[in-house]
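Below is one structure; the comments refer to it alone.
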Amino acid sequence: MANTEINKISFVDLAAQYQTIKTEVDAAIASVIQNTAFILGPEVRKFEEEFAQFCETKYAVGVDSGTSAIELIMRALEIGPGDEVIIPANTFIATALGVSFTGAKPVFVEPDAETYNIDVTRIEAAITPRTKAIMPVHLYGQTADMDPILDIAKKHGLFVVEDACQAHGARYKGKRAGSMGIASAFSFYPGKNLGAYGDGGGITTNDEKILAKLHRLRDYGQSEKYHHDELGYNRRLDSMQAAILRVKLRYIDSWNQARRDHADYYSKLLSGTKYVTPIVPAYAEPIWHLYVIQTEQRDMLMKFLSGMGIYTGIHYPIPIHLQGAYKDLGYKTGDFPLTETQSQKIVSLPMFAELSDEMVKYVVDGLLKFTGS
Ligand SMILES: *Cc1c(COP(=O)(O)O)cnc(C)c1O
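Numbers in my numbering are just positions in the sequence shown, counted from 1, shifted up by 14.
Have a look at this one:
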């Protein structure tokens, strides 16, 4: 396909992916309706087994969103009012919300300038007597530097919880994202690498007590039907979504590989240009949820690209500490300078498995045209 034939590249294209798995997905949905096991039941149980296997953990629990996954992990760890949880300042707001909903306080730490993940050298300074957990986020699909984080946590007696909502299948020194903390949160929001056709989330853990607690918390606090041991929620993963996710789980490794190929091609074509491209440390095997570059003229660039039919995104334009929702924490502009500058320069390029080399080339042509090179 010649470049001239391309006139629109979406940021993600879920319809293109559906076309490749339509027969299987349609059959899976029809089967759930036929069997009328809409809540929990075999599809959720099988998905949990398969997802745990994929993450190389003992257990997985299906819940209704990634935000719920984070909150329920916090509750299972008995984190609540008066407690603090350390998170990166430059994450999606849901990381912080999952902490706040328990009454605990999110404490922000700047990212590393190159990897965008939590700066492990700044974590200890954020620890107080109230700190209960450190929750690194594997941002953009690349794992945080887990070994130093696990060491710091051990030294101070803290839990490590992974926010793996963008990192289904990523690896750190060979280990899967979601297999290193006491428990880990995943999102199956449609645009995530493993996305449902609606909301969904998951928790992985190797800990049986946490598993049992999560089973109660997501299901009205019951350990058996109509026996309610504690105040629980209704936060279950839908059987329909579980059936769809089971189909998609069979393809996730190949989709992640396709994203890796696109990322390599972007990086190759952009090397030596004015754009700051992603850096992958030796410990990381990313799954490229997002391919993020930096440029000084970000907003003008995005407008220019959209004129060529190329749609980009910003993850995220306003840091959490400057959001109205968190004004009670009393932060102001300048408190997290790196997070703030990055938020003004970052732009996420189109990234999904079904991209072609020609499409990646077209995006890069647009980027180079913009800088006049
Ligand atoms: C998507 C996401 C969440 C929240 O997941 P939902 O399923 O949308 O609730 C949490 N943390 C990160 C880093 C995310 O990207």
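Heads up, the beta-carbon is just placed ideally off N, CA and C, and yes, glycines get one too.
Bear in mind that the values here come from a model prediction, so they are computed numbers and not experimental data.
Check ALA197 in the structure and name its three-state DSSP category. Counted from its first residue, the sequence shown places residue 197 at position 183. Reduced to three states, the DSSP call for ALA197 is strand.
Residues of its chain near SER363, where Cβ-Cβ distance is below 7 angstroms and the 5 sequence neighbours each way are ignored: Taking the first residue of the sequence shown as 1, we reach residue 363 at position 349. According to the sequence shown, residue 363 is Leu rather than Ser. Excluding residues within five positions, the ones whose Cβ falls inside 7 angstroms are TYR280, TYR305, ILE307, THR326, VAL377.
Using a Cβ-Cβ cut-off of 7 angstroms (strictly less than) and excluding sequence neighbours within five positions of ASP27, which residues of its own chain qualify? The residue given as residue 27 occupies position 13 in the sequence shown. Correct list, in chain order: PHE366, GLU368.
From ASN207, THR145, PHE25, pick the residue whose C-alpha is nearest to that of TRP269; which is it? For this step, residue 269 is matched to residue 255 along the sequence shown. It is ASN207.
Taking the straight line between their C-alpha atoms, what separation do you get for GLY216 and SER201? For this step, residue 216 is matched to residue 202 along the sequence shown. For this step, residue 201 is matched to residue 187 along the sequence shown. Distance between the alpha carbons of GLY216 and SER201: 6 angstroms.
Tell me the rounded alpha-carbon separation between ASP313 and VAL361. In the sequence shown, counting from the first residue as 1, residue 313 sits at position 299. In the sequence shown, counting from the first residue as 1, residue 361 sits at position 347. Distance between the alpha carbons of ASP313 and VAL361: 9 angstroms.
Near ligand 1: LYS206 beta-carbon under 7 angstroms from a heavy atom: Residue numbering aside, residue 206 sits at position 192 when the sequence shown is read from its first letter. It does: the Cβ of LYS206 is within 7 angstroms (strictly closer) of some heavy atom of ligand 1.
Residue(s) in a DSSP beta bridge with ALA74: In the sequence shown, residue 74 corresponds to position 60, counting from 1. Partner(s): THR218.
Does the beta-carbon of ILE47 have 16 or more other beta-carbons within 10 angstroms, so that it is buried, or is it exposed? Position 33 of the sequence shown, counted from the first residue, corresponds to residue 47. ILE47 comes out exposed.
So what's GLN236 in DSSP terms, helix, strand or just coil? Sequence index remark: in the sequence shown, residue 236 carries index 222 (1-based). The answer is strand: DSSP assigns GLN236 an E or B state.
Are the CB atoms of MET254 and PHE52 within a distance shorter than 8 angstroms? Numbered from its first residue, the sequence shown carries residue 52 at position 38. Numbered from its first residue, the sequence shown carries residue 254 at position 240. Against a cut-off of 8 angstroms, the Cβ pair of MET254 and PHE52 comes out as a contact.
Nearest to ILE137 by CA position, among TRP302, VAL77, ALA178, VAL174, is which residue? Taking the first residue of the sequence shown as 1, we reach residue 137 at position 123. Closest by alpha carbon: VAL174.
Within 10 angstroms of the Cβ of GLU176, are there 16 or more other Cβ atoms? Answer buried if so, exposed if not. The residue given as residue 176 occupies position 162 in the sequence shown. By the neighbour-count rule (16 or more Cβ atoms within 10 Å), GLU176 is buried.
For PHE25, is the beta carbon positioned less than 7 angstroms from some heavy atom of ligand 1? For the purposes of this step, residue 25 is taken as the residue at position 11 of the sequence shown. No.
Would you call the CB atoms of ALA103 and PRO333 closer than 8 angstroms? As a working mapping, residue 103 is identified with position 89 in the sequence shown. As a working mapping, residue 333 is identified with position 319 in the sequence shown. Yes.
In whole angstroms, what is the alpha-carbon distance linking ILE266 and ARG274? Residue numbering aside, residue 266 sits at position 252 when the sequence shown is read from its first letter. Residue numbering aside, residue 274 sits at position 260 when the sequence shown is read from its first letter. Whole-angstrom Cα-Cα distance: 12 angstroms.
Figure out for me which residue from VAL99, LYS223, GLY212, ASN131 has the closest Cα to the Cα of ALA167. The residue given as residue 167 occupies position 153 in the sequence shown. Checking every option, the nearest Cα to that of ALA167 belongs to VAL99.
For ligand 1, any of its heavy atoms closer than 7 angstroms to the Cβ of GLN180? As a position in the sequence shown, residue 180 is number 166, starting the count at 1. Indeed, a heavy atom of ligand 1 lies less than 7 angstroms from the Cβ.
For ligand 1, is there any heavy atom lying closer than 7 angstroms to the beta carbon of GLY11? Given a span of 15 to 387 for the chain in the structure shown, any question on residue 11 remains unanswerable.
Secondary structure at ILE113, three-state DSSP: helix, strand or coil? Residue numbering aside, residue 113 sits at position 99 when the sequence shown is read from its first letter. A small fix is needed here, since residue 113 is Val in this sequence, not Ile. Three-state DSSP puts VAL113 in a helix.
Does DSSP put GLN48 in a helix, a strand or coil? As a working note, residue 48 is residue 34 in the sequence shown. GLN48 falls in the helix class under three-state DSSP.
Over the uninterrupted beta strand (DSSP E) stretch that includes LEU363, give me the two end residues. Here the question's residue 363 lines up with position 349 in the sequence shown. Per DSSP, LEU363 belongs to the beta strand (DSSP E) from 360–363.
Contact under 8 angstroms by Cβ, GLY90 with ILE224: Position 76 of the sequence shown, counted from the start, is the residue given in the question as residue 90. Position 210 of the sequence shown, counted from the start, is the residue given in the question as residue 224. Checking the sequence, you will find Ala at residue 90 rather than Gly. Result yes, Cβ atoms of ALA90 and ILE224 sit closer than 8 angstroms.
Could you tell me the boundaries of the alpha helix (DSSP H) in which PRO162 lies? Sequence index remark: in the sequence shown, residue 162 carries index 148 (1-based). Residues 160–170.
How should THR385 be labelled, buried or exposed, when 16 other C-beta atoms within 10 angstroms of its C-beta is the threshold for buried? One-based indexing of the sequence shown puts residue 385 at position 371. It counts as exposed.
With 16 other Cβ atoms within 10 Å as the buried cut-off, status of TYR240: In the sequence shown, the residue the question calls residue 240 occupies position 226. Classification of TYR240: exposed, given that the 10 Å Cβ count is below 16.
Within the present structure, is the beta-carbon of PHE106 separated from the nearest heavy atom of ligand 1 by less than 7 angstroms? Position 92 of the sequence shown, counted from the first residue, corresponds to residue 106. Yes, the Cβ of PHE106 comes within 7 angstroms of a heavy atom of ligand 1.
Taking 7 angstroms as the cut-off, does the CB of SER114 come closer than this to any heavy atom belonging to ligand 1? Along the sequence shown, read from residue 1 onward, the residue named residue 114 stands at position 100. SER114: no, Cβ never under 7 angstroms from ligand 1.
Under a Cβ-count criterion, where at least 16 other Cβ atoms within 10 Å of its own Cβ denotes burial, should SER79 be classed as buried or exposed? Working through the sequence shown from its first residue, we reach residue 79 at position 65. By the 10 Å Cβ count, SER79 comes out buried.
Ligand 1 heavy atoms versus the CB of SER79: any closer than 7 angstroms? For the purposes of this step, residue 79 is taken as the residue at position 65 of the sequence shown. Yes, ligand 1 has a heavy atom inside 7 angstroms of this Cβ.
Give a single yes or no on whether TYR154 has its beta carbon closer than 7 angstroms to a heavy atom of ligand 1. Here residue 154 refers to the residue found at position 140 when the sequence shown is read from its first residue. No - ligand 1 has no heavy atom lying nearer than 7 angstroms to the Cβ of TYR154.
Spatial neighbours of LYS227 in its chain, beta-carbon cut-off 6 angstroms, leaving aside the 5 residues before and after: Your numbering for residue 227 matches position 213 in the sequence shown. Cβ neighbours of LYS227 beyond the five flanking positions: ALA90.
SER362: beta carbon under 7 angstroms from a heavy atom of ligand 1? As a working mapping, residue 362 is identified with position 348 in the sequence shown. SER362 Cβ: outside cutoff for every heavy atom of ligand 1.
By a C-beta neighbour count over all protein chains shown, 10 Å radius and 16 as the cutoff for buried, is THR109 buried or exposed? By one-based count along the sequence shown, residue 109 stands at place 95. Looking at its Cβ environment, which holds 16 or more other Cβ atoms inside 10 Å, THR109 is buried.
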